[in-house]
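Numbering (this note's numbering), first residue to last: 254 to 708. For each residue, glycine too, the CB sits at the ideal point set by N, CA and C. Given the structure is predicted, the values throughout are model-derived calculations rather than measurements. See structure below.
Spelled out as structure tokens, the structure:
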């Protein structure tokens, strides 16, 4: 085996001490790290203690066989290649080993060159599996990132809440303005929960009329209504064992609310037009941009359903309160979208960054993404400039003065009071970002901190 070929951490499982010693010596000379075990039980113990890249096991072992070990590892460690060694090089033996999940097999007496080639392929497979795992982790992280990237105190609080409640089975209500990433938070809750291997099913309750929404949620039987030509299970049953995300739950029609409440309380669902009920094991995550408590007071939302959903509340901060998270998100979108536009854009020029930080972002993260996508499409530079931004962002935002000069003399405020109110308005305008506020005010940060302490 040449030095360019992959070297790894190998586990030999064989009850013949002489064979183990011979293989260990041969494989160590080729640069591998090698440990050995005489039984399946000892092998499993070593696998829990050490990181192993490839298992090389004899077929016939005392107690459990090599094929049984192979089957166990295939179920519990599918990324770990197993090579079977056997003196019985029959087709039946090879087929049994491969069916049990073996990556390959070698026959005794061992040809070291053939073993070397088999190990090279197995280690290459192991490396590829690790790359796939890292890629999936990166994709999963990316899926959470759009709304969850950032280090602002408000966002860190949300992340900590997600971590604490993700593995609970209680209902979660996500509150936040449009564009703050409510579905991304719901997906993060699902991904970090014990239900992560189950389905994540999402529906926007505002997107369908009442009759279709009822069928979509609970399913229907054939003939339940004019267009019901086939049976449909519905989203509650499709989400069985996983998470059902009810987006814009505040738009759920009043006639459907008691039906939803019944399913949540009884964990059983009856398809529209059917007589049979089906049990469903579903974790409910709901979201709304509306103030549901106000909707309850106005009679637009049932109080009992609200309390059933509002077991745990996650309040998502609007982007304007997240300070420098705006720039972190903007850079994320640049990195993600630059390839699509075939642009070598590296970042944002400081004047443009100041405009982004000063903007109120009524559309939150969704609006920011659209702004960056537009700027990337238009820019001729390696950094996004003010000229690349929409016209609404190109001019510095005007900030209302704390009092008008048209006021009556008796209503005018002392200079110190006016100054404090103006500082408060600037801070509110930039989402509490003191660095940006100091720049707008034309003072350094130390002066700003001193003035804030004087309040």
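Exercise for the section: Return the Cβ separation of residue 415 and residue 441 in integer angstroms, given the expectation that the two are a contact with Cβ distance under 8 Å. Expected result: 5 Å
Practice task
Measure the C-alpha to C-alpha separation of residue 355 and residue 336 and round it to an integer number of angstroms.
Solution key: 6 Å
Handout entry: Given 8 Å, three or more beta-carbon pairs between the segment 573-588 and the segment 620-627
Key = yes
Practice task
Report the three-state DSSP secondary structure of residue 602 (helix, strand or coil).
Solution key: coil
Exercise for the section: Select from 278, 274, 315 and 276 the residue whose C-alpha is nearest the C-alpha of residue 292. Expected result: 315
Handout entry: residue 311 beta carbon less than 8 Å from that of residue 266
Key = yes
Handout entry: Through-space distance from residue 506 to residue 231, alpha-carbon basis
Key = The question about residue 231 has no answer, for the chain in this structure spans 254 to 708.
Practice task
Identify which residue in 705, 448, 457 and 560 has its Cα closest to the Cα of residue 435.
Solution key: 457
Handout entry: Ordered list of alpha helix (DSSP H) runs contained in the segment 268-335, each at least 4 residues
Key = 270-282, 293-302 and 319-329
Handout entry: Best match in 273, 325, 426 and 410 for proximity to residue 542 [C-alpha to C-alpha]
Key = 426
Problem - Proximal residues to residue 563 (C-beta, below 8 Å), its chain only, five neighbours per side dropped - result: 424, 426 and 545
Problem - Alpha-carbon to alpha-carbon, residue 510 and residue 590 - result: 41 Å
Exercise for the section: For residue 453, name the three-state secondary structure that DSSP assigns. Expected result: strand
Handout entry: Secondary structure of residue 396, DSSP reduced to three states
Key = At residue 396 the pLDDT is 48, less than 50, meaning the model places this residue with poor confidence; the figure from the coordinates comes in the next sentence. Helix.
Problem - Rounded C-alpha distance that separates residue 370 from residue 574 - result: 59 Å
Practice task
Please confirm if residue 301 has its CB atom under 8 Å from at least one CB of chain D.
Solution key: No chain D is present in this structure, which holds just one protein chain.
Practice task
Take residue 556 as the anchor and find which of 503, 572, 536 and 586 has the nearest alpha-carbon.
Solution key: 503
Exercise for the section: Just mark residue 306 as buried or exposed, buried being the case when its beta carbon has 16 or more other beta carbons within 10 Å. Expected result: buried
Practice task
List the DSSP bridge partners of residue 428.
Solution key: 541 and 568
Problem - Pair within 8 Å by beta-carbon distance, residue 498 and residue 538 - result: yes
Practice task
Kindly confirm or deny that the segment 403-422 and the segment 604-616 touch, where touching means at least three C-beta pairs closer than 8 Å.
Solution key: no
Practice task
Leaving aside the five residues before and after residue 628 along the sequence, list all residues of the same chain whose C-beta is less than 7 Å from its C-beta, in chain order.
Solution key: 637, 641 and 642
Handout entry: Cβ neighbours of residue 693 in the same chain (closer than 6 Å, five flanking residues each side left out)
Key = 679
Practice task
Ignore the nearest five residues each way along the sequence and tell me which others in residue 448's own chain have a CB closer than 7 Å to its CB.
Solution key: 494, 495, 496 and 536
Exercise for the section: Assign residue 587 to one of three DSSP states: helix, strand, or coil. Expected result: helix
Problem - Supposed contact pair residue 334 and residue 378 - C-beta distance, whole angstroms, cut 8 Å - result: 5 Å
Problem - residue 532 classed as buried or exposed, judged by whether at least 16 other C-beta atoms fall within 10 angstroms - result: exposed
Handout entry: Local Cβ density within 10 Å of residue 319, reported as buried at 16 or more and exposed below that
Key = buried
Problem - For residue 364, three-class secondary structure by DSSP - result: coil
Practice task
Pull up the distance between the alpha-carbon of residue 610 and that of residue 689, whole angstroms please.
Solution key: 8 Å
Handout entry: From 551, 439, 635 and 685, residue whose alpha carbon lies closest to that of residue 599
Key = 635
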